Structure formats: C-alpha cells, structure tokens
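Undergrad: Just so it is clear: in the sequence shown, position 133 is 116 by our numbering, and no numbers are missing.
From the three backbone atoms N, C-alpha and C, an ideal C-beta is built for every residue, glycine too.
Note that the structure is a prediction, hence the values are computed from the model and not measured.
Shown below is the structure under consideration.
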Amino acid sequence: MAHAHNVIIRGLNAIIQQAPHVPTSTDKNYKANDVRDLLFYVKSWTKMVEHHHWVEESFIFPEIERFSGKPGLCDDPRHQHELFHGGLEKLLSYATTTKPDDYSWKGQGGMKEIIDSFSRPLTDHLYTEIDVCLSMKALDSVGLKKTWDQGEVLAKQTGNIGMLYDVFPCVLGCADKTYEIGHLFPPLPWIMPYLVKYWFSAGNGAWRFNPCDWWGRPQPLTFGPRDEVE
C-alpha cells in the first residue's frame, strides 16, 4: 500500500513542481505541445489515482474487513475518498477538455485552484490509510498479504488496453525503485518497462514529466525555474 501511495504522491509532486513553469499562450516561450503533453500527463495521473481507489473500494476494503472479522474497519478510508473525489473528477475534466491555448495554472479556474481544492484531503488520506494498515499488525500476515495480492491481480484484470498508453507509463514513471524495497513495486513482468518504453509510450511527450525513468531511477524534472531564466 505504501508503495502505491508513494507513486501517487510523486506524480502529484511532479505536476505541482513543473506545471507553474510550463509557458502558457500569453508567454513568449509558449509551445502548444508542451501544454498538451502536460494536460495528458495530468489526465493520466488522475486516472491512475481513481483506478487505485476503485480497486480499494471494490475489493481490498471488503476483503480486509472479511479477513479481519471487523466490519467497518475501513470505513474511515472509504469515507475519506469522498472528500477529494469531486476534485479529482474536476481535474480530469479540465485536463481532458482544455485546449492548450486556454490552459492556465494560476488564477480563477486555473489548474492550481483545482489541485489546491483536493490535494490536502488526498495526501492526508494517503498517510492515514497506512495507519489503518499498521493497526492490522496482530492479524495473520500471510493471510493479509494474500488478500492484498488478490487486490493487485484484480487491479490488473480490471484494466483495459487503453491503460497501457496512459496509466501504466504514469505508474512506472513515478515508481522510485532506488529506496528501501522499492524495487518490488509495481509487481509487473520484467518485460513490461521495455514494452512501455519502446511501444506504448513511444512518441508521447507527456512522459518527460515523469520524475523517474522507466526503470525507476529518479531523473531531473524537465520544467523548472531554470527554464524561465533561459
């Protein structure tokens, strides 16, 4: 669970740190493709988060409660989803429908305003949910791990071919494999990073916004204050 949450937070950080430095249509360095790629990246990140929470609500939470014998154990995390779901939907709509010339980061109706409306409840939830997991330390770890593994299988089975072009590149590009046991996530076949790099992500500039390369190594962010100086 912590690995999945780290991926979500890294993606959000990558957006927040880079989006303010992507020139808009009123800037002299404006490039429509840069904004188009940013919006696609934001859309992909949002879809990744929503899929993760759908799997939790549809399978992981009910199975954990069944396994633990404690109905309602996951009620708090489940209800927390409601606090930021509307904001995620609004961000997804913005990233999907906004044309590059109309994009703005700051100001009323800008992307920053949308992200600010839900980012705190989202990150608070991601930390709180780990506390819920830690509260299960008295349970049989083997059985609990089996429940989680089944959830990961469901996450893969409920995906579609389209996710290979948006969600999977976002997951791989936000999964830092250099920290303690980070190399274990995501649990995908060894060939998947190669397929994503050379096929599913080919020609899509959105993935330059990823904070890691396809093999989980952190890389410098593409957009930042240095670009404004240049």
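Just mark T111 as buried or exposed, buried being the case when its beta carbon has 16 or more other beta carbons within 10 Å.
TA: With fewer than 16 other Cβ atoms within 10 Å, it is exposed.
Undergrad: Would the beta-carbon of W37 fall within 8 Å of that of C153?
TA: Against a cut-off of 8 Å, the Cβ pair of C153 and W37 comes out as no contact.
Undergrad: C195 bridges to which residues according to DSSP?
TA: P201.
Undergrad: Taking the alpha helix (DSSP H) that E65 falls in, what are its first and last residues?
TA: Bounds of the alpha helix (DSSP H) holding E65 are 58 to 80.
Undergrad: Any idea what DSSP makes of A121, helix, strand or coil?
TA: Per DSSP, reduced to three states, the secondary structure at A121 is coil, with no helix or strand assignment.
Undergrad: Is the CB of L117 under 8 Å away from at least one CB in chain B?
TA: Absent from the structure: chain B. Only one protein chain is present.
Undergrad: Could you give the uninterrupted runs of the beta strand (DSSP E) lying entirely in the region 17 to 49, keeping only those of 3 residues or more?
TA: Taken in chain order, the complete beta strand (DSSP E) segments of 3 or more residues contained in the region 17 to 49 number zero; there are none.
Undergrad: How would you call I174, buried or exposed, if buried means at least 16 neighbouring beta carbons within 10 angstroms?
TA: exposed
Undergrad: Near E40, what residues of its chain come up, given a Cβ to Cβ distance below 8 Å and the 5 sequence neighbours on each side ignored?
TA: R61, H64
Undergrad: Return the residue from the list G199, P169, G145 that minimises the CA-CA distance to F183.
TA: G145
Undergrad: Output the boundary residues of the alpha helix (DSSP H) element that contains V179.
TA: Where V179 is concerned, there is no enclosing alpha helix (DSSP H), given that its DSSP letter is neither H nor E.
Undergrad: By the DSSP assignment, the alpha helix (DSSP H) with I(-9) in it spans what residues?
TA: Residues -15 to 1.
Undergrad: Which residue comes first and which comes last in the alpha helix (DSSP H) that contains V5?
TA: Neither: V5 is in no alpha helix (DSSP H) and is coded neither H nor E.
Undergrad: Among residues of its own chain, excluding the 5 on either side of F151, which ones have a beta-carbon nearer than 7 Å to its beta-carbon?
TA: V179, F183
Undergrad: My guess is that F44 and L105 are in contact by the Cβ rule of under 8 Å, so how many angstroms apart are they, rounded?
TA: About 17 Å; that fails the 8 Å criterion.
Undergrad: My assumption, with CB atoms under 8 Å, is that L71 sits in contact with E33. Please give the rounded CB distance.
TA: 6 Å
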